[in-house]
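Student: Below you will find the structure I want to go over with you.
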Amino acid sequence: MSSPGSGNRIVQWIEYRLPIFSWLDHTVGSGYPAPKNLNYLWNMGSLAGVALVIQIVTGIVLAMHYVPHGNMAFDSVEHIMRNVNYGWLIRYIHANGASMFFLVVYIHVFRGLYYGSYKYPRELLWWIGLAIMLLMMATAFMGYVLPWGQMSFWAATVITNLFSAIPLIGEPIVTWLWGGFAVDSPTLQRFYSLHYLLPFVIAGVVIVHIWALHTHGSNNPTGIDVKGPQDTLPFHPYYTVKDLFGLGLFLIIFAYWVFYNPNYLGHPDNYIPANPLQTPPHIVPEWYLLPYYAILRAIPDKLGGIVVMGAAIGVLFLIPWLDTSRVRSATFRPIYKQFYWILVADILILGWVGANPPEGYFILIGQLATAYYFLHFIIVMPFVGWFETPRQLPDSIATSVLDKGGGADTAKEGAP
Amino acid sequence: MTGRRPVTFVRPTLAVVAACVALLAAGPSMAAGDVEAPKSPGFSFQGPFGTYDRGELQRGFQVYQEVCSACHSLKYFAFRNLRSIGFDEVQAKAIAAQYEVMGGPDEEGEMFERPAVLADFIPAPFANDNAARAANNGALPPDLSLIVKARAGGEDYVYSLLTGYADPPADVELGEGMDYNPYFGGGQIAMPPPLFEDGVEYADGTKASVDQMARDVTTFLTWAAEPDMEARKRMGIKVMVFLVLMTVLLYMVKRKVWSDVH
Numbered sequence: 429m430s431s432p433g434s435g436n437r438i439v440q441w442i443e444y445r446l447p448i449f450s451w452l453d454h455t456v457g458s459g460y461p462a463p464k465n466l467n468y469l470w471n472m473g474s475l476a477g478v479a480l481v482i483q484i485v486t487g488i489v490l491a492m493h494y495v496p497h498g499n500m501a502f503d504s505v506e507h508i509m510r511n512v513n514y515g516w517l518i519r520y521i522h523a524n525g526a527s528m529f530f531l532v533v534y535i536h537v538f539r540g541l542y543y544g545s546y547k548y549p550r551e552l553l554w555w556i557g558l559a560i561m562l563l564m565m566a567t568a569f570m571g572y573v574l575p576w577g578q579m580s581f582w583a584a585t586v587i588t589n590l591f592s593a594i595p596l597i598g599e600p601i602v603t604w605l606w607g608g609f610a611v612d613s614p615t616l617q618r619f620y621s622l623h624y625l626l627p628f629v630i631a632g633v634v635i636v637h638i639w640a641l642h643t644h645g646s647n648n649p650t651g652i653d654v655k656g657p658q659d660t661l662p663f664h665p666y667y668t669v670k671d672l673f674g675l676g677l678f679l680i681i682f683a684y685w686v687f688y689n690p691n692y693l694g695h696p697d698n699y700i701p702a703n704p705l706q707t708p709p710h711i712v713p714e715w716y717l718l719p720y721y722a723i724l725r726a727i728p729d730k731l732g733g734i735v736v737m738g739a740a741i742g743v744l745f746l747i748p749w750l751d752t753s754r755v756r757s758a759t760f761r762p763i764y765k766q767f768y769w770i771l772v773a774d775i776l777i778l779g780w781v782g783a784n785p786p787e788g789y790f791i792l793i794g795q796l797a798t799a800y801y802f803l804h805f806i807i808v809m810p811f812v813g814w815f816e817t818p819r820q821l822p823d824s825i826a827t828s829v830l831d832k833g834g835g836a837d838t839a840k841e842g843a844p
Numbered sequence: 002m003t004g005r006r007p008v009t010f011v012r013p014t015l016a017v018v019a020a021c022v023a024l025l026a027a028g029p030s031m032a033a034g035d036v037e038a039p040k041s042p043g044f045s046f047q048g049p050f051g052t053y054d055r056g057e058l059q060r061g062f063q064v065y066q067e068v069c070s071a072c073h074s075l076k077y078f079a080f081r082n083l084r085s086i087g088f089d090e091v092q093a094k095a096i097a098a099q100y101e102v103m104g105g106p107d108e109e110g111e112m113f114e115r116p117a118v119l120a121d122f123i124p125a126p127f128a129n130d131n132a133a134r135a136a137n138n139g140a141l142p143p144d145l146s147l148i149v150k151a152r153a154g155g156e157d158y159v160y161s162l163l164t165g166y167a168d169p170p171a172d173v174e175l176g177e178g179m180d181y182n183p184y185f186g187g188g189q190i191a192m193p194p195p196l197f198e199d200g201v202e203y204a205d206g207t208k209a210s211v212d213q214m215a216r217d218v219t220t221f222l223t224w225a226a227e228p229d230m231e232a233r234k235r236m237g238i239k240v241m242v243f244l245v246l247m248t249v250l251l252y253m254v255k256r257k258v259w260s261d262v263h
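Those sequence lines, one after another, are chains A and B. Position one of the first sequence corresponds to residue 429 (this note's numbering), numbered consecutively onward. Position one of the second sequence corresponds to residue 2 (this note's numbering), numbered consecutively onward.
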């Protein structure tokens, strides 16, 4: 391989001492061949990376003005909103950026689930991705606490209290987490410290994620392996430009929230300063944690709820082995594909239940949806894999692209 | 590869998604309980191009000064902010000078009262929450700086609450000193009806009906909660135009780059 710019003497001088140009080429250039049939769902990984960078940059600026103290945090956020130049812009980008980050990461995860991206040889890649998702949840939760509004305070109270369900050592652990005998300024300060630390941990794990990805390359919509150069394209310029177009669409949606509806995804109660003496009527997390919240509340026992909520994410670590099908992509799995969409609906229903108070028929719906969630992974996945007859797989990625390309051309010619 | 088969699976998928959307849409109305949904009178600051009406803002500030501020603080409002609602520096200084704030310590170490200046925040009616409760039958009048953002329904809720006082229905037993307001959670509110016909005399001659005063003070409080909204929407238009053009260009570049593959 001839490195990009290999004719340039300065490049050669640097490359000889620090092979950064061949490393770049290997990461995003002709040295990283990607399957030629990737659709726009494969855009989500780079969008998640962009979202992480946006969160880190805006977060660093916010940290220059924010005061992590029980008596001053709320006022300092309003100081950012009112007195810091473009403080409102930075804060609204950061607050809505968390939602946009989760949006693309969830699409990314559901894409992996649909196309079997977790299957051999990408099991570790899947695990590392789940680790990133867990770190994101912890980071987002602690970030939600920082404005020190009513939802911040009571979310911190509810979540830290979960640890009290651990037998024997639960209470001391909660006191240790709080740094006192109630959620108070010491709790806020340690959450702030961790909220600043964890994004950099996420960035580190993202590098490992990409390393694992590049070992066997991207999966693709057919789920079949790359058989040769005719199946691939160099990542640059093909996927850099495709990802940039996707980034444009992503930023348009992002900008809509920031400029025209910045508080829609938040909760009005978080504009009320934290008050330990007044519990809000409904304590709800942000939308991206609602399905887990519904699972937590579906079990009438505190410890049981926590165990089941943990299992809801834990089971995702096992699906490389729970999925018994030899075919990766659900495109060629007529039965499994339908169960996949039922699962998506089930998780949306869990989110809806999580947003509502645990009373009346919400309890029953939440319990049924929780049961079905586990049923899908533990029963449906292995059994459908065993009994389903997958459709005929294409011979190669190249032939599948030719089929599709031909079809598209005919359609185009048919149009006036 | 059997290219046409997938179509048959789109239908159940769509049905499932449609069912979810229907369930989600039905959610809020079922959860609302006995609180009445707020009225939507329509405000000039709503919508992507909305701006605050300067007349409404200044009249709204007058309503806050003469009515609300008897019980409610507005702690993030400084007199310098009067400049943003259309008062010039002389007017803003004159308004500030009507208020006394605590200054000092002087060279002797004594605190003293002095007229407020532009840098001061508007003084609160009560020294602390306990004093506020003691003067209000045990109820705590909330600070109004963020009230529009701190209530579901926002400006519609505040307007509806102010204009929504009514005689209680036969089956509602009001508590001591409480009033009936169907827009307030539980229907019983400790705040007596604050607005009466001609309760203030507007400097610009506008008729001070209850509806007008409610509309004006709601606009003012929305501004107090979100003073940079106009700058935000103005910037949003530029950002959107830029992003759409850039995205169209990127799409064309993408088509060009991929033309040798397709």
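From the three backbone atoms N, C-alpha and C, an ideal C-beta is built for every residue, glycine too.
Check whether chain B comes within 8 Å of residue 670(A), counting only Cβ atoms and requiring the distance to be less than that.
Tutor: Indexing the first sequence from 1 puts residue 670(A) at position 242. Yes, because at least one Cβ of chain B sits closer than 8 Å to the Cβ of residue 670(A).
Student: Count the other C-beta atoms from every protein chain shown that fall within 10 angstroms of the C-beta of residue 575(A), then say buried if there are 16 or more, exposed otherwise.
Tutor: Counted from its first residue, the first sequence places residue 575(A) at position 147. So residue 575(A) counts as buried.
Student: Considering only the beta carbon of each residue, do residue 145(B) and residue 79(B) sit closer than 8 Å?
Tutor: Counted from its first residue, the second sequence places residue 145(B) at position 144. Counted from its first residue, the second sequence places residue 79(B) at position 78. Cβ distance not < 8 Å, so residue 145(B) and residue 79(B) don't count as in contact.
Student: I want to see whether chain D comes within less than 8 Å of residue 796(A), judged by CB atoms only; does it?
Tutor: Here chain D cannot be found, since the structure's protein chains are A and B.
Student: DSSP on residue 108(B), reduced to helix/strand/coil?
Tutor: Start at 1 with the first residue of the second sequence, and residue 108(B) comes out as number 107. Correct three-state label for residue 108(B): coil.
Student: Give the residues of chain A in contact with residue 228(B), contact being defined as C-beta atoms less than 9 Å apart.
Tutor: Translated into positions along the second sequence, residue 228(B) becomes position 227. Near residue 228(B) (Cβ distances below 9 Å), the residues of chain A are 509, 510, 516.
Student: I need the straight-line Cα distance from residue 741(A) to residue 591(A), nearest angstrom please.
Tutor: Your numbering for residue 741(A) matches position 313 in the first sequence. Your numbering for residue 591(A) matches position 163 in the first sequence. Their Cα atoms are separated by approximately 17 Å.
Student: So that I know if they touch, is there some Cβ in chain B lying closer than 8 Å to that of residue 782(A)?
Tutor: On the first sequence, residue 782(A) is found 354 positions in, with the first residue counted as 1. False, the Cβ-Cβ gap to chain B never drops below 8 Å.
Student: Using only alpha-carbon positions, find the residue among 743(A), 824(A), 772(A), 516(A) that is nearest to residue 805(A).
Tutor: Numbered from its first residue, the first sequence carries residue 805(A) at position 377. The shortest Cα separation from residue 805(A) among 743(A), 824(A), 772(A), 516(A) belongs to 743(A).
Student: Assign residue 580(A) to buried or exposed, taking buried as 16 or more other Cβ atoms, counted over all protein chains shown, within 10 Å of its Cβ.
Tutor: Position 152 of the first sequence, counting from 1, holds the residue named residue 580(A). Answer is buried; the Cβ neighbour count reaches 16.
Student: Under the DSSP definition of a beta bridge, which residues are partnered with residue 180(B)?
Tutor: Mapped onto the second sequence, residue 180(B) falls at position 179. Residue 180(B) is bridged to 190(B).
Student: Quick one: residues in its chain with C-beta nearer than 7 Å to the C-beta of residue 745(A), no 5 flanking neighbours on either side, listed in chain order?
Tutor: Taking the first residue of the first sequence as position 1, residue 745(A) is located at position 317. Closer than 7 Å at the Cβ level, and outside the excluded window around residue 745(A), lie 555, 558.
Student: Helix, strand or coil, according to DSSP, for residue 102(B) in the structure here?
Tutor: Along the second sequence, one-based indexing puts residue 102(B) at 101. Here residue 102(B) sits in strand by DSSP.
Student: Select from the segment 542-562 of chain A all residues with a C-beta closer than 7 Å to any C-beta belonging to chain B, and list them in chain order.
Tutor: Cβ contacts with chain B: none found.
Student: Give me, in chain order, the residues of the same chain whose beta-carbon lies closer than 6 Å to that of residue 480(A); leave out the 5 immediate sequence neighbours on both sides.
Tutor: Indexing the first sequence from 1 puts residue 480(A) at position 52. No residues qualify anywhere along the chain.
Student: Between the segment 798-818 of chain A and the segment 722-737 of chain A, can you find at least three pairs of beta-carbon atoms closer than 8 Å?
Tutor: Touching, yes.
Student: Could you compute how far the alpha carbon of residue 57(B) sits from the alpha carbon of residue 613(A)?
Tutor: Locating residue 57(B) in the second sequence gives position 56, counting from the first residue. Locating residue 613(A) in the first sequence gives position 185, counting from the first residue. Cα to Cα, the separation comes out at about 40 Å.
Student: So is residue 648(A) in contact with chain B if we call contact Cβ pairs under 8 Å?
Tutor: Here residue 648(A) refers to the residue found at position 220 when the first sequence is read from its first residue. Not closer than 8 Å to any Cβ of chain B, the Cβ of residue 648(A) fails to qualify, so no.
Student: Find the residues of chain B that neighbour residue 815(A), judging by a C-beta separation of less than 8 Å, and give them in chain order.
Tutor: In the first sequence, the residue the question calls residue 815(A) occupies position 387. Result: empty, since nearest Cβ-Cβ is about 18 Å, beyond 8 Å.
Student: Excluding the five sequence neighbours on either side, which residues of its own chain have a C-beta within less than 8 Å of the C-beta of residue 93(B), listed in chain order?
Tutor: The count along the second sequence starts at 1 and reaches residue 93(B) at position 92. The answer, listed in chain order, is 80, 81, 83, 84, 119.
Student: Locate the beta strand (DSSP E) running through residue 52(B), then write down its first and last residues.
Tutor: As a first step, residue 52(B) must be located in the second sequence, where it is residue number 51. Note, residue 52(B): premise wrong, no beta strand (DSSP E); not H, not E.
Student: In three-state terms, what does DSSP make of residue 598(A)?
Tutor: Numbered from its first residue, the first sequence carries residue 598(A) at position 170. If DSSP states are grouped into helix, strand and coil, residue 598(A) belongs with the helices.
Student: Name the DSSP beta bridge partners of residue 661(A), please?
Tutor: Along the first sequence, read from residue 1 onward, the residue named residue 661(A) stands at position 233. In DSSP, residue 661(A) forms a bridge with 462(A).
Student: Of the residues 622(A), 569(A), 643(A), 627(A), which one's Cα is nearest the Cα of residue 716(A)?
Tutor: The residue you call residue 716(A) lines up with position 288 of the first sequence. Ranking the options by Cα distance to residue 716(A), first place goes to 569(A).
Student: Do you know whose CA, among 657(A), 542(A), 824(A), 627(A), lies nearest residue 747(A)'s CA?
Tutor: What you label residue 747(A) is simply residue 319 of the first sequence in a count that begins at 1. Here the closest residue by C-alpha is 542(A).
Student: Pick from 783(A), 690(A), 696(A), 811(A): whose alpha carbon is nearest that of residue 749(A)?
Tutor: One-based indexing of the first sequence puts residue 749(A) at position 321. Residue 749(A) has its Cα closest to that of 811(A), out of 783(A), 690(A), 696(A), 811(A).
Student: Given residue 50(B), which residues of its chain have a CB within under 8 Å of its CB, disregarding the five upstream and five downstream residues?
Tutor: Residue numbering aside, residue 50(B) sits at position 49 when the second sequence is read from its first letter. Once the five neighbours on either side are set aside, the close Cβ partners of residue 50(B) are 234, 238.
Student: Rounding to the nearest angstrom, what Cα-Cα distance links residue 467(A) and residue 682(A) in this structure?
Tutor: As a position in the first sequence, residue 467(A) is number 39, starting the count at 1. As a position in the first sequence, residue 682(A) is number 254, starting the count at 1. Their backbone Cα atoms lie some 21 Å apart in a straight line.
Student: For residue 698(A), which option in 767(A), 501(A), 492(A) has the closest C-alpha, if you only look at C-alpha atoms?
Tutor: On the first sequence, residue 698(A) is found 270 positions in, with the first residue counted as 1. Per the Cα distances, 501(A).
Student: For the segment 103-112 of chain B against the segment 154-169 of chain B, do three or more pairs of beta-carbon atoms, one drawn from each stretch, fall closer than 8 Å, so that the two count as touching?
Tutor: With a cut-off of 8 Å, the segment 154-169 of chain B and the segment 103-112 of chain B do not count as touching, because too few Cβ pairs lie within range.
Student: For residue 665(A), return the contacting residues in chain B, with the cut-off set at a CB-CB distance below 7 Å.
Tutor: Taking the first residue of the first sequence as position 1, residue 665(A) is located at position 237. The contacting residues are 258.
Student: Which residues bound the alpha helix (DSSP H) around residue 748(A)?
Tutor: Here residue 748(A) refers to the residue found at position 320 of the first sequence. Taken as a continuous stretch (DSSP letters only), the alpha helix (DSSP H) holding residue 748(A) covers 730-750.
Student: Residue 655(A) versus chain B: which residues are under 8 Å apart at the beta carbon?
Tutor: Sequence index remark: in the first sequence, residue 655(A) carries index 227 (1-based). Going along chain B, no residue has its Cβ under 8 Å from residue 655(A), so there is no contact; the nearest lies around 16 Å.
Student: Tell me, which residues are paired with residue 79(B) by DSSP?
Tutor: In the second sequence, counting from the first residue as 1, residue 79(B) sits at position 78. Answer is 122(B).
Student: Any beta carbon of chain B sitting closer than 8 Å to that of residue 676(A)?
Tutor: Walking along the first sequence from the start, residue 676(A) turns up at place 248. With 8 Å as the cut-off, residue 676(A) counts as an interface residue toward chain B.
Student: Along the segment 726-743 of chain A, what residues have a CB closer than 7 Å to any CB found in chain B?
Tutor: Against chain B - using a Cβ distance shorter than 7 Å - the segment 726-743 of chain A contributes no residues.
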